[in-house]
Amino acid sequence: MRALVTGAAGFVGSTLVDRLLEEGHQVTGVDNLSAGYPATNLGPAHRHPGPGRFTFVAFDVQRPGLSDIVANSNPDVVFHLAGHVAVRRSVTDPQHDARNNVLGTINLLEASRRAGVRRIVYAASGGSRYGTPATLPASEDTALNPLSPHAAAKVAGELYVHAYANMYGLAPICLALANVYGPRQDPSGEAGVVTVFGSAMICGRPTTIYGDGSATRDYVYVDDVVTAFLCAAHAPATTTGTFNVGTGIQTSVTELHRLIATAVGVSRPPGYADARTGDAHASALDSTRASQVLGWKPVTDLSQGIKRTVDWLRVLLDPRPLVSAHG
1 MRALVTGAAG FVGSTLVDRL LEEGHQVTGV DNLSAGYPAT NLGPAHRHPG PGRFTFVAFD
61 VQRPGLSDIV ANSNPDVVFH LAGHVAVRRS VTDPQHDARN NVLGTINLLE ASRRAGVRRI
121 VYAASGGSRY GTPATLPASE DTALNPLSPH AAAKVAGELY VHAYANMYGL APICLALANV
181 YGPRQDPSGE AGVVTVFGSA MICGRPTTIY GDGSATRDYV YVDDVVTAFL CAAHAPATTT
241 GTFNVGTGIQ TSVTELHRLI ATAVGVSRPP GYADARTGDA HASALDSTRA SQVLGWKPVT
301 DLSQGIKRTV DWLRVLLDPR PLVSAHG
């Protein structure tokens with residue numbers, strides 16, 4: 001399979017690239033290198049010794065010229081993971097968020113259409129598309145209710161994907177992701193509370209819970225999410241639509257903080273601040289449709305995933321220089 005991955009240097013994108021290469025696929029990665037740890041995240045892909053081939057293009061999906069990149073890579077599947085993820089900045093600068101998440105998506109859809117790519121797998125935001133519905137876990141039939149500019153932009157991008165399917169016969173699959181966590185998530189960002197809490201605890205810094213700690217999220221491990229992307233890529237061309245990707249389990253911020261503190265081995269209590277505008281109070285996704293149609297189920301327990309993430313953070317945050325085998 002020839003695959004093009006946007007957001008390839010990011011948290012989920014780079015993990016997807018590694019899995020594709022492990023399976024022997026040809027991968028073109030596209031990323032503007034604006035966030036996270038691109039050098040660290042892409043290191044394994046550049047060093048990959050197996051049959052898979054990796055080509056990286058430093059490029060912003062909003063820019064003209066994307067059509068040439070897509071056409072030259074001639075992908076069987078386009079995985080669209082590039083985008084702006086900070087809810088707080090979307091509130092203060094909604095235009096920036098819309099340029100990334102709406103206009104960038106349209107540009108990629110146009111490039112894919114012109115290149116004759118039918119299968120596009122779009123990373124939708126399951127954690128925010130439904131707001132706080134009356135019934136949880138939310139199914140794909142739950143009414144859309146975005147509560148922030150970021151959520152609105154991700155929903156708009158998803159609707160554009162479906163519109164292009166209707167107009168041009170594309171065969172897209174939109175994966176509505178719950179709150180993804182795991183190694184490579186940026187601990188300095190706002191979107192990854194597991195790595196934000198974990199890095200602060202490891203470094204002895206205070207942690208802050210916004211609100212009273214009762215807000216819940218559905219936390220799904222990055223390796224399970226990558227498996228969902230691969231299930232979508234290999235699905236029959238007649239399989240299209242939106243599929244929730246989550247565990248269906250609500251975990252409060254207070255409980256999450258406790259689990260991370262246990263994994264790190266600290267007992268310092270969190271501080272508290274006012275709840276933030278645009279945050280849903282409760283979220284969990286019903287992934288029955290993904291199980292029945294795509295054959296996907298999460299397999300990583302939250303405690304297990306947190307431990308793996310904390311282990312990765314300890315290496316990332318270790319100030320000691322690496323020592324060569326020769327001393």
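Residue 150 in full-length UniProt numbering sits at position 150 of the sequence shown; the count goes up by one each step and never skips.
Positions of the beta carbon are idealized from the N, C-alpha and C atoms, including for glycine.
Skipping 5 residues on each side, what residues in its chain have a beta carbon closer than 6 angstroms to that of residue i?
{"i": "Ser324", "result": "Here the model assigns Ser324 a pLDDT of 39, short of 50, so the residue's position is not dependable, and the following value carries that caveat. Nothing meets the Cβ criterion."}
{"i": "Thr227", "result": "none"}
{"i": "Leu20", "result": "Ala3, Val27"}
{"i": "Ala215", "result": "Val253, His281"}
{"i": "Asp98", "result": "In the sequence on display, residue 98 carries Ala and not Asp. Around Ala98: Ala153."}
{"i": "Arg119", "result": "Val77, Ala171"}
{"i": "Ala200", "result": "Thr207"}
{"i": "Leu108", "result": "Val61, His80"}
{"i": "His84", "result": "Asp97, Asn100, Asn101"}
Near residue i, which residues of its chain fall below 7 angstroms by C-beta distance, leaving aside the five closest residues on each side in sequence?
{"i": "Ile202", "result": "Val264, Leu313, Arg314, Leu317"}
{"i": "Ala232", "result": "Val121, Ile173, Leu175, Leu294"}
{"i": "Thr142", "result": "Tyr130, Pro133"}
{"i": "Asp18", "result": "Pro44, Ala45"}
Would you kindly check if the distance between the Cβ of residue j and the Cβ of residue i is under 7 angstroms?
{"i": "Gly131", "j": "Asn145", "result": "yes"}
{"i": "Thr207", "j": "Pro298", "result": "no"}
{"i": "Val61", "j": "Thr15", "result": "no"}
{"i": "Tyr164", "j": "Ile209", "result": "no"}
{"i": "Arg184", "j": "Asn41", "result": "yes"}
{"i": "Arg217", "j": "Ser283", "result": "yes"}
{"i": "Thr126", "j": "Asn244", "result": "It is Gly, not Thr, that sits at residue 126 in the sequence shown. Yes, Cβ-Cβ distance for Gly126 and Asn244 is below 7 angstroms."}
{"i": "Ser188", "j": "Pro149", "result": "no"}
{"i": "Ala275", "j": "Gly211", "result": "yes"}
Among the options, which one has its Cα closest to the Cα of residue i?
{"i": "Leu302", "options": "Ser148, Gly104, Val220, Asn74", "result": "Val220"}
{"i": "Val75", "options": "Val87, His25, Tyr37", "result": "Note on identity: in this sequence residue 75 is Pro, with Val being the wrong assignment. Ranking Val87, His25, Tyr37 by Cα distance to Pro75 puts His25 first."}
{"i": "Thr105", "options": "Arg88, Leu159, Ser139, Gly116", "result": "Leu159"}
{"i": "Pro137", "options": "His80, Tyr164, Gln304, Thr247", "result": "Thr247"}
{"i": "Ser34", "options": "Ala82, Ala45, Phe243", "result": "Ala82"}
{"i": "Thr242", "options": "Asp224, Thr288, Leu66", "result": "Thr288"}
{"i": "Gly182", "options": "Arg47, Lys307, Ala45", "result": "Lys307"}
{"i": "Glu22", "options": "Gly52, Met167, Pro149", "result": "Gly52"}
{"i": "Val194", "options": "Met167, Val161, Asp224, Ile260", "result": "Ile260"}
Could you check the C-alpha separation between residue i and residue j for me, to the nearest Å?
{"i": "Leu322", "j": "Gly43", "result": "Because the pLDDT of Leu322 is 46, which lies under 50, any placement of that residue in the model is unreliable, and the number read from its coordinates should be weighed accordingly. Approximately 16 angstroms between the Cα atoms of the pair."}
{"i": "Leu147", "j": "Gly10", "result": "25 angstroms"}
{"i": "Val310", "j": "Thr251", "result": "18 angstroms"}
{"i": "Asp68", "j": "Ala111", "result": "8 angstroms"}
{"i": "Phe229", "j": "Met1", "result": "14 angstroms"}
{"i": "Ser128", "j": "Leu285", "result": "10 angstroms"}
{"i": "Gly29", "j": "Val222", "result": "18 angstroms"}
{"i": "Arg113", "j": "Ile249", "result": "37 angstroms"}
{"i": "Gln95", "j": "Leu66", "result": "21 angstroms"}
{"i": "His326", "j": "Ala151", "result": "For His326, the predicted model reports a pLDDT of 40, less than 50, meaning its position is unreliable; a value from the coordinates is still stated below. Distance between the alpha carbons of His326 and Ala151: 52 angstroms."}
{"i": "Ser73", "j": "His234", "result": "19 angstroms"}
{"i": "Pro38", "j": "Ala58", "result": "11 angstroms"}
{"i": "Trp296", "j": "Ala123", "result": "16 angstroms"}
Taking 8 angstroms as the limit between beta carbons, can you name the residues of its chain near residue i, skipping five residues before and five after?
{"i": "His46", "result": "Phe54, Phe56"}
{"i": "Leu103", "result": "Gln62"}
### Task
Please list the segments of the beta strand (DSSP E) lying wholly inside the segment 52-101, counting only runs of 3 or more residues, in order along the chain.
53-58, 77-80
### Message
Extract the residue ranges of the alpha helix (DSSP H) inside the segment 104-137, only unbroken runs of 4 or more that lie entirely within it.
### Response
104-115, 126-129
**Item:** Every unbroken beta strand (DSSP E) inside the segment 247-281 [3 residues or more]
**Value:** 271-273
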